[in-house]
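Before any comments, here is the structure.
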Amino acid sequence: MEWLEPTTLRAPAVCLEPLSQTHHDDLVAATRDGELWKLWYTNIPEPEKMRALIDERLALNSVGNMLPFAVRSTATGRVVGTTSFLNIEPANRRLEIGGTWYANSAQRTAINTQCKWLLLTHAFEKLDCIAVEFRTHYHNRQSRRAIERLGAKLDGVLRSHRVMADGSLRDTCVYSIVTSEWPTVRAFLHANLVSDV
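Counting along the sequence shown from 1, when you hit position 13 you're at 118 in our numbering, and nothing is skipped either side.
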């Protein structure tokens, strides 16, 4: 199935590679860069739980629910995070871009813009999606601002949607970009992609 076919996507600052256990050590180092697992509004694993996270994402891929990527910085050659296509619905031509996190040193760089460019271009132009979703914690202001800068619209808030690792309840903000909005979003991302090079 084309929607789950492993693929490598490349831009000047970043390469998205099919996730595997070969990425484990770099991902552990990435989580330690900023101690990301301590951020209460995220679900980034502690270093010793990284192998289980990779196994979980690969298992979801095997049953058709996720296409996970490792995010490699072309400047350093190191894997600096992960991202995925998930909640994949080929019949409805929809998917979500999520499970995304980056090492602290990779945040607020060209990496996120170029990742979104690659994933959205693949979703709308290769997979012919009619909608692409993004979901994030209501209190993750940094993530919400990044999603909104893309031009995604807030569809709503799912209240008490998830139980977090600390037992707190997450309100989830659901955003989307639909086909008619893609040309404007593409132009915005292309302008930023060029300015980042």
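We put the CB at the ideal spot given by N, CA and C, even for glycine.
- Contact between R137 and P150 is absent: CB atoms are separated by about 12 Å, not below the 8 Å threshold.
- In the same chain as M269, and ignoring 5 residues on each side of it, the C-beta atoms closer than 6 Å to its own belong to R275, in chain order.
- Counting only unbroken stretches of 4 or more residues, the alpha helix (DSSP H) elements lying wholly within the stretch 133 to 192 are 155 to 167, in sequence order.
- G256 and I216 have their alpha carbons spaced roughly 18 Å apart.
- Two segments are said to touch when three or more pairs of C-beta atoms, one from each, lie closer than 8 Å; by this definition the stretch 242 to 262 does not touch the stretch 114 to 128.
- Sorting K154, R156, N192 by C-alpha distance to the C-alpha of N166 places N192 at the top.
- The DSSP assignment places complete beta strand (DSSP E) segments of no fewer than 3 residues inside the stretch 255 to 284 at 258 to 268, 274 to 283, in order along the chain.
- The Cβ atoms of Q212 and A118 do not sit closer than 8 Å to each other.
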